[in-house]
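Take the sequence shown: its position 16, counted from the start at 1, is 16 in full-length UniProt numbering, and no numbers get skipped.
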Amino acid sequence: MNTTNAQDIKPTVVLVHGAFAESSSWNGVLTQLHEKGYPTVAVANPLRGVKSDANYVASVLKSIAGPTVLVGHSYGGAVITNAVNGNDNVKALVYVAAFAPDTGETAIELSGRYPGSTLGPALAPPVATSDGGQDLYIQPDKFHAQFAADVPAAAAQLMASTQRPITEAALKEASGTPAWKSTPSWFIYGDRDLNIPEAALAFMAERANSKETVVMNGASHIVMVSHPDAVVRVIEHAATAE
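Right under this line is the structure:
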């Protein structure tokens with residue numbers, strides 16, 4: 001006889017990567033979540049624009065039955081902020097070194113509101129796209145120091161080679177009504193993040209009334225790669241919160 005009840009069913013954890021990364025950046029987190037029995041989906045974030053990316057993630061969410069925990073890294077935080085759209089299955093948001101913008105705010109403005117970001121000088125010359133836009137990459141020789149200083153150089157080199165570009169327009173696109181005003185949120189980030197300054201991350205976490213904010217000493221922007229255990233703990237706290 002099947003004795004499983006609704007309380008035993010774990011929510012699906014939906015992970016959304018950010019700019020200059022791709023879904024494999026969640027591999028360490030995914031491995032542990034699988035071991036703990038969580039269903040997971042690592043979304044391939046298009047990185048084309050806040051609204052269009054959020055609409056894509058929203059379509060993925062609609063395909064999942066039952067409760068979900070929505071996790072975003074970096075620019076992926078702006079995406080999850082706009083992707084809930086009243087979906088009652090989303091029970092929690094987890095921001096991993098991520099933007100949590102309010103209405104009208106942009107990623108580029110939030111990252112520059114406080115000193116400490118060195119992303120601008122680390123970017124390669126923009127690549128023109130067929131639609132008249134521009135794609136942005138981090139220079140491969142600067143990727144390790146800028147993005148992933150606390151992971152081994154060989155791993156950072158692989159991430160630099162597989163990084164996916166974001167459009168310049170996406171970083172300048174205004175956010176819509178934020179999901180964190182109606183959905184509980186959790187935050188984790190490193191105090192040596194060179195993409196989004198620690199002060200900006202702390203400001204966004206406090207403003208969102210974060211249920212738990214974890215600051216990893218010495219951690220870079222890619223905290224889920226360097227500290228997957230800590231990220232998984234925060235996700236579990238969000239997943240099991242009443």
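Every residue, glycine too, gets a C-beta built ideally from N, C-alpha and C. Quick caveat, the model's predicted, so the values are computed rather than measured.
| Asked | Found |
| --- | --- |
| Within its chain, find whatever has a CB closer than 7 Å to the CB of residue 330; leave out the 5 residues flanking it on each side and keep chain order. | Beyond the ends of the chain as shown, which are 1 and 242, falls residue 330; an answer cannot be given. |
| A238 by DSSP, collapsed to three states: which one? | helix |
| According to the neighbour-count rule (16 or more other Cβ atoms, all chains shown, within 10 Å of its Cβ), is P125 buried or exposed? | exposed |
| For the beta strand (DSSP E) containing I188, list its first residue and its last residue. | S185 to G190 |
| If distances are taken between C-alpha atoms only, which option among L158, H17 and L201 comes closest to Y75? | H17 |
| Quick one: any contact between the region 194-214 and the region 102-119, if contact means 3 or more CB pairs under 8 Å? | yes |
| Check whether the Cβ atoms of P228 and V29 lie closer than 9 Å to each other. | yes |
| Using only CA atoms, which one of G66, K10, A65 and P101 lies nearest to T177? | P101 |
| Buried or exposed, going by whether 16 or more other CB atoms sit within 10 Å of the CB of S210? | buried |
| Can you tell me where the beta strand (DSSP E) with D135 in it begins and where it stops? | Q134 to L136 |
| If you measure between the beta carbons of R192 and A219, is that distance less than 9 Å? | yes |
| By DSSP's criteria, V71 is part of a beta bridge. Which residues make up the other side? | L15 and V94 |
| Determine which residues share a DSSP beta bridge with I222 and list them. | Answer is none; I222 lacks a bridge partner. |
| To the nearest angstrom, how far is the alpha carbon of E212 from that of S130? | 43 Å |
| Can you name the start and end residues of the alpha helix (DSSP H) that residue 268 belongs to? | Residue 268 falls outside the range modelled here, since the chain spans only 1 to 242, and no answer is possible. |
| Pick from S59, N45, L93 and A145: whose alpha carbon is nearest that of A239? | L93 |
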